[in-house]
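S.K.:
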Amino acid sequence: MMTSSLPRTVSGIQATSDSLHLGNYIGALQQFVVHQESHDAFYFIANMHAITVEQDPSDLRERTLRTAAQFIAAGIDPEKSTIFVQSQVPAHPQLSWVLECTTSMGEASRMTQFKDKSAKQDHVSLGLLTYPALMAADILLYNPQMVPVGEDQRQHLELTRNLAERFNYRFGETFVVPEAQILKSTAKIYDLQNPSSKMSKSLPSPLGRIDLLDDAKSLTKKIKSAVTDDGKEIAYEPESKPGVSNLLTIYSSLTSRSVDDIVAEYEGKMYGHLKVDLAEIAVEALTPVRERTNELLQDRAQLQAILDSGAAKANEIAEVTLREVYDKVGFV
Ligand code: TRP
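Read left to right, the sequence shown gives residues 390 to 721 (the numbering used here).
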């Protein structure tokens with residue numbers, strides 16, 4: 390087995406939409422791309438987490454491949470990072486079972502994501518409750534030092550650390566206790582129509598969400614119709630000017646320029662100027678990602694081959710950890 394001397398990182402994204410949105414791209418994918426240079430990186434598509442709420446099978450299959458294609462199109466390089474699909478590595482649900490038996494009902498039911506999601510469902514699956522144990526398994530199998538996740542996953546990471554420590558204490562040193570790397574809040578992207586909510590796939594207005602796979606026309610339309618704030622001045626004031634501040638954040642993330650620098654450039658100009666320029670910048674930044682995604686989706690066999698080889702590598706590492714765990718808990 391080829392082992393890397395770099396520190397390891399693991400992260401996953403659920404396969405629940407046809408296109409990732411700009412928040413995923415700026416908040417997660419761009420960071421994944423950075424970390425692959427300094428880490429032995431494992432990035433996967435969490436299709437098993439996706440079915441904690443009902444999914445149509447053909448949608449799930451298609452979205453899994455589309456998400457993988459977007460990973461690669463965004464710059465995650467299969468030569469540098471291991472890209473795989475969660476369900477292709479059976480050690481994930483296998484370790485999850487052991488971790489479910491390490492987690493108390495109280496801990497699982499206190500998770501705020503469980504409380505939020507279960508309040509919205511008529512049918513609350515058991516999987517929605519055990520979701521964080523599967524997530525802990527996703528992570529602990531690879532013994533990563535660092536796990537980049539959004540703020541909304543902080544509590545799950547905390548539970549993962551507790552489970553790792555609990556297991557190590559009870560059965561002897563087994564897991565690395567991973568650090569959460571909370572994706573920086575300056576990379577937090579808000580809904581263009583309702584800039585007090587995070588950009589999300591579940592918000593009602595499609596105009597508020599920029600999808601990675603939007604074409605030039607809809608990108609332009611969405612940015613031009615973004616809600617702005619009272620007053621005229623282009624300033625970064627998230628409290629009093631959430632709309633304009635959000636546009637500045639997006640501008641800054643897509644150009645790698647500082648917000649201060651951008652604000653200085655637009656002194657004395659109007660919101661409209663900023664929007665026109667930002668629309669152009671977004672088209673320029675996202676068009677290659679969209680085109681590359683579509684290209685990758687033209688050749689499903691090649692995409693599947695990349696995922697198969699990622700799964701082979703992930704399986705090799707995950708199985709070593711799983712075997713040690715099975716042995717320690719006393720499975721013959
Ligand atoms: N729960 C994460 C989310 O919805 C996705 C995820 C699943 C994940 N397993 C993971 C993220 C392991 C990091 C590490 O965003």
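Backbone N, C-alpha and C define an ideal beta-carbon position, used for all residues, glycine too.
With respect to 6 Å, is the separation between the Cβ of V538 and the closest non-hydrogen atom of ligand 1 below this value?
M.R.: Indeed, a heavy atom of ligand 1 lies less than 6 Å from the Cβ.
S.K.: Could you tell me the alpha carbon to alpha carbon distance between R550 and R681, rounded to whole angstroms?
M.R.: Computed Cα separation, rounded: 37 Å.
S.K.: Anyone know if the C-beta pair for A707 and A480 falls short of 7 Å?
M.R.: Yes.
S.K.: Do E528 and ligand 1 come close, with the Cβ less than 6 Å from some heavy atom?
M.R.: Here the sequence assigns Ile to residue 528, which means Glu is not the residue at that position. Yes, ligand 1 has a heavy atom inside 6 Å of this Cβ.
S.K.: So, using beta-carbon positions, are L788 and I623 closer together than 7 Å?
M.R.: Any property of residue 788 remains undetermined from this structure, which presents the chain solely from 390 to 721.
S.K.: With burial defined as no fewer than 16 other Cβ atoms inside 10 Å of the residue's Cβ, what is the status of N635: buried or exposed?
M.R.: Flag for N635 reads buried.
S.K.: Look up Q444 in the DSSP assignment and give the residues it is bridged to.
M.R.: Its beta-bridge partners do not exist; DSSP assigns none.
S.K.: Who are the Cβ neighbours of G632 in its own chain at under 7 Å, not counting the five residues just before and after it?
M.R.: Counting only Cβ-Cβ distances below 7 Å, and skipping sequence neighbours, we find P584, A615, V616, T617 and D618.
S.K.: I believe D580 touches G597 by the beta-carbon criterion, under 8 Å. Please report the beta-carbon distance rounded to the nearest angstrom.
M.R.: Right, their Cβ atoms sit about 4 Å apart.
S.K.: Any heavy atom of ligand 1 inside 6 Å of the beta-carbon of S730?
M.R.: The chain is shown only over 390 to 721; residue 730 falls outside these bounds and no answer can be derived.
S.K.: Alpha carbon to alpha carbon, what distance is there between Q510 and Y432?
M.R.: Approximately 29 Å, taken between the alpha carbons.
S.K.: Got a sec: does ligand 1 put a non-hydrogen atom nearer than 6 Å to the Cβ of M588?
M.R.: Result no, Cβ not under 6 Å from ligand 1.
S.K.: Identify, in the order they occur along the chain, each residue of the same chain with its Cβ nearer than 6 Å to the Cβ of Q483, setting aside the five sequence neighbours on each side.
M.R.: Hits under 6 Å: L711.
S.K.: Which residue spans inside the region 576 to 647 form an unbroken alpha helix (DSSP H) run of at least 4?
M.R.: If we require 4 residues or more, the alpha helix (DSSP H) runs fully inside the region 576 to 647 come out as 605 to 613 and 631 to 644.
S.K.: Below 6 Å CB to CB, which residues in the same chain sit around A497 once its five sequence neighbours on both sides are set aside?
M.R.: Same-chain partners within the cutoff: L518.
S.K.: Within 10 angstroms of its Cβ, does M501 collect 16 or more other Cβ (buried), or is it exposed?
M.R.: Correcting the residue identity first, residue 501 is Thr in this sequence and not Met. Under this definition T501 is an exposed residue.
S.K.: Note down, in chain order, each residue of its chain lying with its Cβ closer than 7 Å to the Cβ of D600, except the 5 sequence neighbours on either side.
M.R.: If we look at D600 and ignore the five residues flanking it on each side, its Cβ neighbours are S408 and H410.
S.K.: If you measure between the beta carbons of F564 and L529, is that distance less than 7 Å?
M.R.: Going by C-beta atoms, F564 is nearer than 7 Å to L529.
S.K.: State yes or no: is the C-beta of R646 within less than 7 Å of the C-beta of Y531?
M.R.: Not a contact, by the Cβ cut-off of 7 Å.
S.K.: I think A737 touches L488, with their Cβ atoms under 8 Å apart; what is that distance to the nearest whole Å?
M.R.: The question about residue 737 has no answer here: the residues shown for the chain are numbered 390 through 721.
S.K.: Would you give the residue range spanned by the beta strand (DSSP E) that Y432 belongs to?
M.R.: Unbroken beta strand (DSSP E) run through Y432: D429 to A435.
S.K.: Helix, strand or coil for I465, going by three-state DSSP, please let me know.
M.R.: Coil, per DSSP.
S.K.: Say yes only if the C-beta of A435 is nearer than 6 Å to one or more non-hydrogen atoms of ligand 1, and no if none qualify.
M.R.: A435: yes, Cβ under 6 Å from ligand 1.
S.K.: So does Q693 have its beta carbon nearer than 6 Å to some heavy atom of ligand 1?
M.R.: The answer is no for Q693.
S.K.: Taking only heavy atoms of ligand 3 into account, decide whether any of them is closer than 6 Å to the Cβ of H428.
M.R.: Ligands displayed in this structure: ligand 1; ligand 3 is not among them.
S.K.: Over the uninterrupted beta strand (DSSP E) stretch that includes Q570, give me the two end residues.
M.R.: Run containing Q570: E568 to I571, per the beta strand (DSSP E) assignment.
S.K.: Run through the region 466 to 540 for me and flag every whole beta strand (DSSP E) of 3 or more residues, listed as ranges in chain order.
M.R.: Listed in chain order, they are 471 to 474 and 535 to 538.
S.K.: On the DSSP bridge list, what partners appear for Q403?
M.R.: Answer is A435.
S.K.: Quick one: using the 10 Å Cβ neighbour count with 16 as the cut-off for buried, is Q459 buried or exposed?
M.R.: Counting Cβ neighbours within 10 Å, Q459 comes out buried, since at least 16 surround it.
S.K.: State the DSSP-derived secondary structure class of T563, mapped to helix, strand or coil.
M.R.: Here T563 sits in coil by DSSP.
S.K.: For ligand 1, is there any heavy atom lying closer than 6 Å to the beta carbon of S542?
M.R.: According to the sequence as given, residue 542 is Gln; it is not Ser. True, at least one ligand heavy atom lies under 6 Å from that Cβ.
S.K.: Would you kindly report the start and end of the unbroken alpha helix (DSSP H) that includes S698?
M.R.: Residues R689 to V718.
S.K.: Note down the Cα distance separating S507 from G516, rounded to an integer number of angstroms.
M.R.: Spanning the two alpha carbons is a distance of roughly 11 Å.
S.K.: Which whole-angstrom value describes the C-beta separation of V474 and N436, a residue pair presumed to lie in contact below a C-beta threshold of 8 Å?
M.R.: Yes, they are in contact, since the Cβ atoms of V474 and N436 sit about 6 Å apart, within 8 Å.
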